[in-house]
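These notes are about the structure you will find just below.
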Amino acid sequence: MSTTVKRLTVTVAALVLSCGIASAQLNSPKESTSQKQGDAKPDDYERWDAVREVYFPGRTIEDGSAFLSLDAPYRAQDAALVPVTVKAALPADAGWSIKTLTLLIDGNPVPLAGKFHLHDEAAGTGHRNLSIGTRVRVNEYTLIHAVAETTDGRLFSAERYVKAAGGCSAPAMKNPEQAMARLGKMKLNLPQSVPVGGDVTAQLLVSHPNHSGMQFDQISRTYVPPYFIRSIKVSYAGQPVMDVETDISLSEDPSLHFTFTPKAAGDLKAEVVDSKDQTYTGDWQVIPQPAS
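To convert, take the position in the sequence shown, counting from 1, and add 5; that gives my numbering.
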């Protein structure tokens, strides 16, 4: 099935769910995903059952709260810029690591905010400890889920209930001319001290309007066509760090916080591709310092 067909399938399914037209009646068992969240209602969990069947059909999702956490504001100040952070710390005796993390906003027309494929040179693949942060659009009061897939093929989830509405249709913060003038420009933020062989948290900022297709232009009286970042690839010293599949649930001017481990000086590179197949690249030299 082509990427376009998959996206259309997910969009149609999610729109039906978000409008309350269909109620999922799935035969798969309802596994516990985490502690019940805040004001979440039975309808929210029915919707989650249907959303996860779209993204993880027929698969069991276990409660990951022992090692996986998802942090987001209970009541967001700006529904178009909701900060979300997912952290994981595996037990020392775990014989597996996390290879993929999927972030889903259940109530959005397209729930997928990001599917993060993680790489760790020392472990061969996956991460035992991770911290990933970004900003998302939230279209209505909803559960947000983070689903971790492990190197031994299991799925674990964490969840958070967020009160926010209208994030997918919120107008752009920049005017079109300003947005296009900065299109694809990137910035990398690093700590003042980067230790050799230690985990380093970096922030990648990408200038892009990330139009959802639901925003209304008051001048032309038409909807702004969807135009969004589709993928982000990050590497360090020639080795992959993270490959991300994204969609319209990611905010305008996407921001990604992620961890990597510089064992020696090298270049951190980012490659971004949007829905018009435009490619943008960034390259920064990193010189880690030995511990004092």
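Beta carbons are placed, not taken as given, at the ideal position from N, Cα and C, and that holds for glycine.
8 angstroms Cβ shell around residue i - same chain, five flanking residues per side excluded
i: L31; result: A caution first: L31 carries a pLDDT of 30, below 50, which makes its placement in the model too unreliable to give a value.
i: P196; result: V205 and T206
i: A170; result: A84, V143, N144, E145 and Y146
i: E182; result: none
i: V201; result: P267, K268, A269, P293, Q294, P295 and A296
i: V199; result: V205, P267, V291, I292, P293 and Q294
i: A77; result: V87, P88, V89, T90, I149, R165 and V167
DSSP state of residue i mapped onto helix, strand, coil
i: A153; result: strand
i: A163; result: strand
i: P267; result: coil
i: R235; result: strand
i: Y228; result: strand
i: E182; result: helix
i: V201; result: coil
i: E145; result: coil
i: V87; result: strand
i: D282; result: coil
i: D48; result: helix
i: D68; result: strand
i: D54; result: helix
Residue i burial status per 10 Å Cβ neighbour count (16 or more: buried)
i: R187; result: exposed
i: I292; result: exposed
i: M4; result: Past the boundaries of the shown model lies residue 4; the chain is included only from 6 to 297, so the question cannot be answered.
i: A306; result: Residue 306 lies beyond the range of the chain shown here (6 to 297); nothing can be said about it.
i: Y241; result: buried
i: T286; result: exposed
i: S28; result: Any answer about S28 is weak, because its pLDDT of 32 lies below 50 and its placement is not dependable; what the coordinates show is given next. When all chains shown are included, S28 counts as exposed.
i: S212; result: buried
i: T227; result: exposed
i: F161; result: buried
i: P116; result: buried
i: R165; result: buried
i: D44; result: exposed
i: F265; result: buried
i: P258; result: One detail in the question is off: residue 258 reads as Asp in this sequence, not Pro. That one is buried.
Residues that DSSP places opposite residue i in a beta bridge
i: N194; result: Q208
i: A93; result: L73 and L135
i: G287; result: A275
i: E257; result: Answer is none; E257 lacks a bridge partner.
i: V249; result: F121 and I237
i: R80; result: K168
i: I110; result: I149
i: Q294; result: P200
i: R187; result: Answer is none; R187 lacks a bridge partner.
i: H262; result: G138 and Q208
Contacts around residue i, its chain only, beta-carbon distance under 6 angstroms, and the 5 residues preceding and following it disregarded
i: L352; result: Given a span of 6 to 297 for the chain in the structure shown, any question on residue 352 remains unanswerable.
i: N134; result: A94
i: W289; result: L193 and L273
i: E276; result: K238 and T286
i: H150; result: L109, S162 and E164
i: D248; result: H122 and K238
Cβ neighbours of residue i in the same chain (closer than 7 angstroms, five flanking residues each side left out)
i: V141; result: V87, V89, I110, A118, S254, L255 and S256
i: V278; result: R235, S236 and T284
i: M3; result: A query on residue 3 cannot be resolved here, the shown segment of the chain reaching from 6 to 297 and no further.
i: P176; result: Q220
Check your understanding: Does the stretch 148 to 165 come close enough to the stretch 105 to 117 that 3 or more CB-CB pairs lie under 8 angstroms?
Key -> yes
Practice item. Determine contact between the stretch 209 to 226 and the stretch 241 to 250, defined as no fewer than three beta-carbon pairs at a distance below 8 angstroms. Key: no
**Study point:** Three CB pairs or more closer than 8 angstroms across the stretch 73 to 80 and the stretch 109 to 121
**Key:** no
Point to revise | Sufficient close CB pairs (3 or more, under 8 angstroms) joining the stretch 226 to 236 to the stretch 273 to 283 | key: yes
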